[in-house]
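Just below is one structure, and these are the notes that go with it.
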Amino acid sequence: MTSVQERPPFSADMAQTKQSLPLPSGDDHAAVNGTSNNEKKVKSGGITPPPIPHITENMTPLGSIIERVGQDTFKRFKEFFMYLESTTDPDVVKKKHFLDILTTIRENYLRLYVIYKWSKNHKEISQFIDLFVWLREQNQTIQNVIGTFGGIKSSLISAKIPEPDLVTSLEVLLQGRPDLPTYNFLEGPELRPEFVLKVLQNLNVELSIKMASQETLPKEFHSYTIKNGAVCFNVPGYFSCSLSMLSDEKFRLIDFNLGFKLENSIIVPTQGEDTNSTILHTIQNYCDTVVNDEGFGGLYDILYNFSINSKIYLIHKQLIDLRMGLWRGNMTHSYTAEKSLITVSYWLQKKNVKPTTVQIGKFQNKNGECELSFKWFKEEVLQESIDVRLIDDGGNIDILLLLNTLIKEHIKSIILQLKEKLIESVEDVDKMIIISSDYEKLTFKIAQFKEITFSIDPLSGSSYFENPTNMMNRSAYKINCGISMNFIEILRLKMLIQESMFASMMNATGWVHLNNIRLSVDEIPKLKINYSNLKNGNLRSALTSIGVYRRKDWPTGWAILVAHFGFQSNVQLWCSKIQSIEGQWIINWCSEIELRELYEDVSGLCLTSALNMKTDVSYNEKQKQEEHNGPNEPTQLQNQRSMTYTDLVGLVKIASSKLTSNLIVKELIDHGCKLKILNLGDKLVNDFLIKNFKIDMTNLASTENAVMLIKNDSLFHIQNSKDSLILLISIKSSELSAKIYGQLIDNKSSRNLPDISFSDDYNTSIEYTSSDKRFKIESTVDLSSQFPLSISDKSSYLGNNLILSNTLSFLEKFAKTLNLLKIISRDSGLSIIRVLSDSITFQYGPDENEYITLRISSNGDGSINLELPPENPHYKYSQHLNSIVAAAPFNSRLIKELVLYMTETLKYCKAIDKICEGKAKALEDFNRKNDAVDYKKDPMKFRIMPEYGYVPSICNIENFRITYFRQYKVDIQQSSGKKKNTKSITDVLKFEILVELRHRINCVSKKHSKFFITLGDLRTDTLGVVNTMAQVKESYSKAEELIHCINQVCELTTKYFNGENFPTKIASGGIVFLQDGICCDFESIDIVLLDLHAHLLGLITPPNSKPN
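At position 834 of the sequence shown (counting the first as 1) the number is 834 in the UniProt record's numbering, and the numbers step up by one without a gap.
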């Protein structure tokens, strides 16, 4: 016999299949054998092998690559420059973007550089590429051959000869036959029934004796039966088993049945359920050992635990069926067989809530015994005091019933907790709560005929409202998502539903609800809301909603604020003025409307009575007496009566009166005004108005006009005015007219005043009559555009956005103008030209253009601005002069100082103007002479700068400088080795006089303010500052004229400053000689300055240029 190792490589079957194998042909076949035909030809001296195929596909010229890289670079830079033009990104982002572009371009050019290097050896590289492609093709061919052989090998598996049965062959060889299981089998005799019965009877007796001798028998096994040679135990609801003995007198488990089964998804007890044969065999093998080693106690523990585990497994199967049905997505469970534990989780869709689980398994009871039971963890808290059992009295286990019972208990606890939260948050809220008998629904009463019902879905645990609206659905969504708590949303629903009902009533009575306006949280405290019914102060913002309403014909910004609450049924109302600043709505003013005002007769309310409410003490006292429940609690009248459509119609007149009157009164009080409202029905009041202000009120209705007596000192303190001013206000439609009447005292200041009649761009005018000294300021305000909703609406935004802002601003300017008149009228040298509401113009010099306009700034800061005509000598010093009065708002001392300053420096400024005019005239003559030169024919006559002259420099009115210059021909020596050369050059001599106004005190004064004239440095363009004459003589070889001029300047100024041969006779003023300068006062500065200037100009003027 041939062994497997001795078989030939090819059997007969393999030889047959060999012929069908796809073998390579031609050169490939030769290559397999190790030698190709080409090699044979080469060895035999034949032709050379064919060349490797040249690859031309996917080749790109180098020039095309360079062109594409260049185009890509240009495109990237172009896009980057367009990005710079259109973007507003910071510089750091732009630089980083540019760096990324440069990095990408650099990498492309590095690749291009490598390709360029390769191109120098392109022939060798091309051969390497061809060789690489050819080798790869050869490798692929070999791989194909290997794959073909693998397929052949797989197809020949079925043709393999089976292995020989060597063992059987050896048995036959040695014994002459194989070893079979039935060899020498002999059938025994049949057993008789009498023998069987006798054996069973004997076995029953033996078992009885055996059982009687058992000392530790579990109490569950105390009731047993012996029959048919076996001991039968039955534990109802768990299991039944039978044991018997063999000749070795050891117990054997011969039968076991579970005492329950799964029927209609319920575990019910049975008399005996057949056990699977495999499971029964395993239990028998294990229990036979345990019952003989540990006794019946160990046997009971094993079978009891097995039956409990079987029940747990059946419960697991029940839960799987539930999860695949109605409870899909709402319940899950985990089964741990090792621990005999099932963990059920329900209400999986509830968010932001701790999970609730039910654990089913073996737990110890109160007696310490292990039994099948469950534990309920509601939101991770063990619930011990619940009257729910897993197994009912009949021994049935219904897991669906258990879950439904626990969920009902869970819903009940949520409903009761919701009630407690409502009672803890709101006063007397228990009267509005009704809970159903099964504790599954909570009904909350919102209004007399309106209520909402809250409940929880047992399947998903989601909260919902019965007969829901969109508003209720949104609230339920917030509760289910954990955004808000259920008791808060119920109270908010009360608030929102009441707000919706109130908005419908307001719309029906002509009010417009501004839904897009929401007040910021910081503005709510301004309203002083009544929170007496709210126990939990943290819920104020959540349970308060402020609605904004207005009338179509109301001015912009006027509104009624209505507060709705989730903790009470009453609303609160406020008249208000609102405004939007940077997207935030703020309350500029508000006044609460008591609900009792709507219940009373509104026919008697008018503008005047509304104004008197600020000072009506009896009304306030009556209000305090009626408020028995404290200042923040609702009155009894509010609790008894709700608002009707009639009340909302009457709200229009109350709100309009409050808004207009309170705004005006508050505006005046904010200005510090002390006022008194006059009764137009009093004859003495009318006589007073006619006599003093010529105001006849007999033909005007009192309900359309309000007259107030204002104390002059409390407003702007108009000087030279009588103590009382009269303010007359009338409102028609959306237009308010305000008139202020007053009278000046007849004195010296007011006698110089001319008649004044002026109006500005804001419909405000003033009229003053010099004959009776009375003035009237009249202003018209369009209330519809006075209060813009947005601060960006600058077209209608005026002043501080107040009703009387223009009128009071106009009056303030007029008061300051009168104060200016008082100051100006005291100086007899000043002549008043024109008086306006915000300015006064007066003349302070003899010439027509020497006048000043003092204008009150329109910024509201009370500052004074100086205005001068361009021809005025002080015009070029306007900035310095304005700084004098700009140090403090409307300071009489500073205004007096300004007038004195300009009056005293007028001569000095005229002298400076005269010197400047001389310089301008000289420059004009120089330009005219240069224009007459034909520099092409005679270029030597063309001059770049004048031969002599001066340049005045004005730093400010208190610092003035005149620089004089003249050109001189001088010779200088230059050394060239041992040889010295003389060179003639043009040098410029410069010197200056300085004029400075100094004050010994902090302000200008005739006595303590003096002018100082000094000589500055002498310098040349070549030498710089000239300190000594020796310096000049050493530097120049020839400079007689320059030296002579320097000597003349020094001699003239020395004599001038020492008072020797002083050529000028001063008619007025004083001069003090200081050796190095001259001190002059205001009266003499112009004469001295002009005289000294004439002398110095004469020194630098050449003899041929002096006038004859």
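Every residue gets a Cβ at the ideal spot worked out from N, C-alpha and C, and that includes glycine.
CB of residue i within 7 Å of CB of residue j, strictly
| i | j | result |
| --- | --- | --- |
| residue 395 | residue 269 | yes |
| residue 312 | residue 340 | yes |
| residue 129 | residue 55 | yes |
| residue 961 | residue 992 | yes |
| residue 330 | residue 460 | yes |
| residue 655 | residue 575 | yes |
| residue 425 | residue 536 | yes |
| residue 718 | residue 815 | yes |
| residue 464 | residue 476 | yes |
| residue 773 | residue 811 | no |
| residue 997 | residue 1011 | yes |
| residue 435 | residue 429 | no |
| residue 296 | residue 217 | yes |
| residue 257 | residue 226 | no |
| residue 1087 | residue 1057 | no |
| residue 1059 | residue 1073 | yes |
| residue 479 | residue 489 | yes |
| residue 487 | residue 539 | no |
| residue 262 | residue 251 | no |
| residue 259 | residue 247 | no |
Contacts around residue i, its chain only, beta-carbon distance under 6 Å, and the 5 residues preceding and following it disregarded
| i | result |
| --- | --- |
| residue 391 | 397 |
| residue 836 | 758 |
| residue 768 | 756 and 775 |
| residue 451 | 443 and 445 |
| residue 1089 | 911 |
Buried or exposed by the 16-neighbour rule on C-beta atoms within 10 Å, applied to residue i
| i | result |
| --- | --- |
| residue 622 | Here the model assigns residue 622 a pLDDT of 35, short of 50, so the residue's position is not dependable, and the following value carries that caveat. Its Cβ having fewer than 16 others within 10 Å, residue 622 is exposed. |
| residue 881 | buried |
| residue 911 | buried |
| residue 638 | At residue 638 the pLDDT is 37, less than 50, meaning the model places this residue with poor confidence; the figure from the coordinates comes in the next sentence. Residue 638 comes out buried. |
| residue 873 | buried |
| residue 1110 | The question about residue 1110 has no answer, for the chain in this structure spans 1 to 1108. |
| residue 492 | buried |
| residue 374 | buried |
| residue 282 | exposed |
| residue 893 | exposed |
| residue 838 | buried |
| residue 629 | Residue placement at residue 629 is flagged as unreliable, the pLDDT there being 38, under the threshold of 50; the coordinate-derived value follows with that caveat. Burial call: exposed. |
Distance between beta carbons of residue j and residue i, contact taken as under 8 Å
| i | j | result |
| --- | --- | --- |
| residue 675 | residue 709 | 7 Å |
| residue 529 | residue 572 | 6 Å |
| residue 696 | residue 690 | 6 Å |
| residue 462 | residue 349 | 7 Å |
| residue 766 | residue 667 | Not a contact, Cβ separation roughly 20 Å. |
| residue 737 | residue 780 | 5 Å |
| residue 1154 | residue 346 | Given that the chain is displayed from residue 1 to residue 1108, the structure contains no residue 1154 and the question cannot be resolved. |
| residue 1045 | residue 1100 | 7 Å |
| residue 908 | residue 1085 | 5 Å |
| residue 950 | residue 1092 | Between residue 1092 and residue 950 the Cβ distance is about 12 Å, and since that is not below 8 Å, they are no contact. |
Spatial neighbours of residue i in its chain, beta-carbon cut-off 7 Å, leaving aside the 5 residues before and after
| i | result |
| --- | --- |
| residue 1019 | 990, 1025 and 1026 |
| residue 364 | 370 |
| residue 984 | 969 and 971 |
| residue 865 | 855, 857 and 882 |
| residue 1041 | 968 |
8 Å Cβ shell around residue i - same chain, five flanking residues per side excluded
| i | result |
| --- | --- |
| residue 988 | 965, 966, 967, 968, 1020 and 1021 |
| residue 125 | 118 |
* Asked: Counting only runs that start and end within the region 176-209, where is the beta strand (DSSP E) found for 3 or more residues in a row?
  -> none
* Asked: Can you list the alpha helix (DSSP H) stretches of 4 or more residues lying completely in the region 1017-1064, in chain order?
  -> 1029-1035 and 1040-1058
* Asked: Where in the region 97-185 do unbroken runs of the alpha helix (DSSP H), each at least 4 residues long, occur, reported from the N-terminal end onward?
  -> For the alpha helix (DSSP H) assignment, the uninterrupted runs of no fewer than 4 residues enclosed by the region 97-185 are, from N- to C-terminal side, 122-155 and 166-175.
* Asked: Which whole runs of the alpha helix (DSSP H) in the region 531-606 are 4 residues long or more, in chain order?
  -> 595-599
* **beta strand (DSSP E) runs contained entirely in the region 957-993, provided each spans 3 or more residues** => 959-976
* Asked: At which residue ranges does the region 235-318 contain complete alpha helix (DSSP H) runs of 4 or more residues, listed in the order of the chain?
  -> 277-293
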